[in-house]
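Residue numbers for the sequence shown follow the numbering used here, beginning at 11 and rising by one. Positions of the beta carbon are idealized from the N, C-alpha and C atoms, including for glycine. Nothing here was measured: the structure is a model prediction, and the numbers come from that model. A short write-up of the structure that comes next.
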Amino acid sequence: MRRIQRDDVVEVRSGKNKGARGQVRQVLPKRDRVIVQGVNMVKRHMRPTQVGTPAGIIEREAPMHLSNVAVVCPACDRPARIGYKKRADGLKVRVCRRCEADID
Ligand SMILES: [Zn+2]
11 MRRIQRDDVV EVRSGKNKGA RGQVRQVLPK RDRVIVQGVN MVKRHMRPTQ VGTPAGIIER
71 EAPMHLSNVA VVCPACDRPA RIGYKKRADG LKVRVCRRCE ADID
């Protein structure tokens, strides 16, 4: 199971966006990166060629490396170090190592 999954709320741990929070929109496993809603915005210059796409400068999220983000624990509301445990029904779930709460 991945440490970070789609729809997780994560906090940026380093770099210019340090402290920013957002929901994971996409995980890019091959690149070890995630795209986080509203974080790490970059301006992109779009050519006004294709019909239906906005021209000019638009802002969108650039992928961030997994090592720069941490899942925010829903119970203690802090960036969590992730552990794993097996529930009684055999399903493996992620837990917050700070407060032991289930994250999944
Ligand atoms: Zn916690």
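DSSP bridge partner residues for residue i (one or two, in chain order)
{"i": "residue 106", "result": "92"}
{"i": "residue 23", "result": "The partner list for residue 23 (beta bridge, DSSP) is empty, contrary to what the question assumes."}
{"i": "residue 68", "result": "54"}
{"i": "residue 74", "result": "44"}
Residue i Cβ short of 7 Å to ligand 1 heavy atom set
{"i": "residue 90", "result": "yes"}
{"i": "residue 108", "result": "yes"}
{"i": "residue 65", "result": "no"}
{"i": "residue 72", "result": "no"}
{"i": "residue 85", "result": "yes"}
{"i": "residue 111", "result": "yes"}
Three-way DSSP call (helix, strand, coil) for residue i in this model
{"i": "residue 97", "result": "coil"}
CA nearest to the CA of residue i, picked from the options
{"i": "residue 67", "options": "73, 55, 75 and 59", "result": "55"}
{"i": "residue 23", "options": "57, 32 and 78", "result": "78"}
{"i": "residue 30", "options": "58, 74 and 39", "result": "74"}
{"i": "residue 97", "options": "85, 106 and 112", "result": "112"}
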